[in-house]
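Its first residue numbered 1, the sequence shown is counted upward by one per residue in UniProt numbering.
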Amino acid sequence: MNPSKITTTVGLNIGQIDIAGIRMSFWDLGGQQELQSLWDKYYSESHAVIYVVDSNDRVRMNESKEVFDRMISNEYLSGIPLLVLANKQDLPDCMGVREIKPVFQEAGHLIGRRDCLVMPVSALTG
Numbered sequence: 001m002n003p004s005k006i007t008t009t010v011g012l013n014i015g016q017i018d019i020a021g022i023r024m025s026f027w028d029l030g031g032q033q034e035l036q037s038l039w040d041k042y043y044s045e046s047h048a049v050i051y052v053v054d055s056n057d058r059v060r061m062n063e064s065k066e067v068f069d070r071m072i073s074n075e076y077l078s079g080i081p082l083l084v085l086a087n088k089q090d091l092p093d094c095m096g097v098r099e100i101k102p103v104f105q106e107a108g109h110l111i112g113r114r115d116c117l118v119m120p121v122s123a124l125t126g
C-alpha cells in the first residue's frame with residue numbers, strides 16, 4: 001500500500017478475511033477520545049483485542065495505558081486474548097517492545113491469566 005494512503009482511523013473501518021475456511025471480522029475503531037465511548041458497543045461480539053499504540057508518542061503513552069486498562073476492565077472482554085501492537089517501529093526514536101511491555105504489564109491484575117502479547121509493527125513497512 002502506498003504510505004500516503006495510510007491515515008488515522010476516524011470512526012469505524014470493518015474488514016473480513018477467510019483463513020482455512022474460517023471467516024474473521026476486524027473492527028478498526030478510532031482511538032480519539034470522542035470515539036472511545038462507542039467501543040463498548042462492540043465488546044460483546046469480540047473474541048480478541050488488538051490494541052495499537054503509537055510507540056513514537058512518549059507523552060501520551062500513559063494516557064494510552066489508562067485507556068487500555070479501562071477497556072480490558074469491561075466484563076465482556078474478561079478472559080479474551082490481548083495483543084498490543086507497538087506501531088511506528090520504523091521511526092528512529094520510537095520506544096521498543098522492551099520499553100512498552102512493562103507499561104502494559106502494570107495492568108497484570110486486570111489482564112489476569114489471559115494471553116497478552118506486545119509486538120513491534122509499522123503500518124508503513126510491516
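Glycine included, C-beta positions come from ideal geometry on N, C-alpha and C.
CB-CB length for residue i against residue j, believed under 8 Å
| i | j | result |
| --- | --- | --- |
| V121 | A86 | 7 Å |
| Y43 | N74 | 5 Å |
Alpha carbon of residue i to alpha carbon of residue j, nearest angstrom
| i | j | result |
| --- | --- | --- |
| L93 | V53 | It should be noted that the sequence gives Asp, not Leu, for residue 93. D93 and V53: Cα-Cα distance of roughly 15 Å. |
| P81 | S46 | 10 Å |
| G126 | D57 | 19 Å |
| L77 | L83 | 13 Å |
| Q16 | F26 | 6 Å |
| G79 | I111 | 8 Å |
| R113 | A123 | 29 Å |
| Q89 | C116 | 19 Å |
| E66 | K101 | 14 Å |
Range covered by the alpha helix (DSSP H) that runs through residue i
| i | result |
| --- | --- |
| L110 | 108-111 |
| Q67 | Residue identity differs from the one stated: residue 67 is Val in this sequence, not Gln. It spans 61-72 - the alpha helix (DSSP H) in which V67 sits, taken as one unbroken run. |
Three-way DSSP call (helix, strand, coil) for residue i in this model
| i | result |
| --- | --- |
| P102 | helix |
| S78 | coil |
| S25 | strand |
Residue i - containing beta strand (DSSP E), residue span
| i | result |
| --- | --- |
| L124 | That residue, L124, is in no beta strand (DSSP E); it is neither H nor E in DSSP. |
| M95 | It is not in any beta strand (DSSP E) - M95 carries neither H nor E in the DSSP assignment. |
| Y51 | 49-54 |
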